[in-house]
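In our numbering, the protein residues as written are 135 to 236.
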Amino acid sequence: MIRAQEQRAPVFAAEVAVDYPQEKERITSREYTFRITARAANRVEISIDDGEWRACRQAEGHWWYDWAGYMSGKHQAIARIQPQNDGQKATSKKAVFRVELT
């Protein structure tokens, strides 16, 4: 039998997802802000088109990355986190999207 003082809060697995852009979304503006949901994270980074990992900023319950200077065409983004609890990094599913600038 477990006494009340021995009970521990559940530990959730680290989760991370690129919310925006959504899969197959078309971006038509010259600047775009990625939104990432990351549970139990103390640091979130994003890589666009297999480029360098860039730090994201936290605000409003999500993580954000401001992107500019990109070209038209197909792109992909992946996010990763350094979670607070176990130190293991987790990565998101790749988000594939298009940029169509005029």
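Yeah, the Cβ is synthetic: ideal placement off N, Cα and C, and Gly gets one too. This one's a predicted model, so the numbers in the text were calculated from it and none came from an experiment.
Counting along the chain, where does the beta strand (DSSP E) carrying residue i start and finish?
i, result
"residue 232", "229-233"
"residue 197", "196-202"
"residue 174", "First-last for residue 174: undefined, no H or E at that position."
"residue 79", "Residue 79 lies beyond the residue range present for the chain, which begins at 135 and ends at 236; the question has no answer from this structure."
"residue 192", "191-193"
Does the beta-carbon of residue i have 16 or more other beta-carbons within 10 angstroms, so that it is buried, or is it exposed?
i, result
"residue 95", "Residue 95 lies beyond the stretch modelled for the chain, which goes from 135 to 236, so this question has no answer here."
"residue 226", "buried"
Pick out whichever of the options has its Cα sitting closest to the Cα of residue i.
i, options, result
"residue 149", "156, 169, 168 and 173", "173"
"residue 179", "231, 155 and 214", "214"
"residue 209", "231, 191, 226 and 227", "231"
"residue 201", "233, 151 and 175", "233"
"residue 168", "155, 206, 229 and 236", "155"
"residue 192", "207, 171, 206 and 183", "171"
"residue 212", "197, 228 and 176", "228"
Give the straight-line distance between the Cα atoms of residue i and residue j, rounded to the nearest whole angstrom.
i, j, result
"residue 153", "residue 223", "19 Å"
"residue 166", "residue 204", "10 Å"
"residue 151", "residue 181", "13 Å"
"residue 207", "residue 197", "25 Å"
"residue 176", "residue 236", "38 Å"
"residue 157", "residue 216", "24 Å"
Task: the segment 158-165 in contact with the segment 179-196 per 3-pair CB rule at 8 Å - done: Three or more beta-carbon pairs separated by less than 8 Å are not found between the segment 158-165 and the segment 179-196, which leaves the two stretches without contact.
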